[in-house]
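So the sequence shown is numbered by the numbering used here: it starts at 10 and just counts up by one. Notes for the one structure printed next.
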Amino acid sequence: MTRLLITDDAAFMRMTLKKMVTDAGYEVVAEAENGQEAVALYEEHKPDLVTMDITMPEMNGIEALEKIKAFDPDAKVIMCSAMGQQSMVIDAIQKGASDFIVKPFDEARIKESFEKVMS
Numbered sequence: 010m011t012r013l014l015i016t017d018d019a020a021f022m023r024m025t026l027k028k029m030v031t032d033a034g035y036e037v038v039a040e041a042e043n044g045q046e047a048v049a050l051y052e053e054h055k056p057d058l059v060t061m062d063i064t065m066p067e068m069n070g071i072e073a074l075e076k077i078k079a080f081d082p083d084a085k086v087i088m089c090s091a092m093g094q095q096s097m098v099i100d101a102i103q104k105g106a107s108d109f110i111v112k113p114f115d116e117a118r119i120k121e122s123f124e125k126v127m128s
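Have a look at this one:
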């Protein structure tokens, strides 16, 4: 079973995504509400996959992505962005993000992204 770390500063978004991914057969091992927490939880749990919100307090998703990739170059991180954050998405992909999904979350798109990244 694929183990997952969900990162988003909005509890509602984490809850929504958690329900979608557990329904799809993924195991959520940890949830982070900012980039700093995500880096620490990644090092602790070594999940197979991370979903990473881009805009968060304390440390944004792109900074967290860079730190996770420095710790584990093989880390699989899917960035989550709101509409209109294309430049940040491009930046994230250049820094090693595996894929990106746009909010509001679409269950079919999430499954497609996870399968693509994990294959």
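Cβ atoms here follow ideal geometry from the backbone N, Cα and C, with glycine treated the same way.
| Check | Outcome |
| --- | --- |
| Bridge-paired residues (DSSP) for F123 | DSSP, once it has assigned bridges, lists no residue as partnering F123. |
| Rounded C-alpha distance that separates K120 from Q94 | 22 Å |
| Reduced DSSP secondary structure (H/G/I, E/B, other) of A129 | There is no way to answer for residue 129, as the model of the chain reaches only from 10 to 128. |
| Nearest candidate by alpha-carbon position, reference D100, set R12, G70, V38 and I15 | G70 |
| Status (buried if at least 16 other CB within 10 Å, exposed otherwise) for F21 | exposed |
| Option in R12, A41, T64 and V86 with minimal Cα separation from M24 | A41 |
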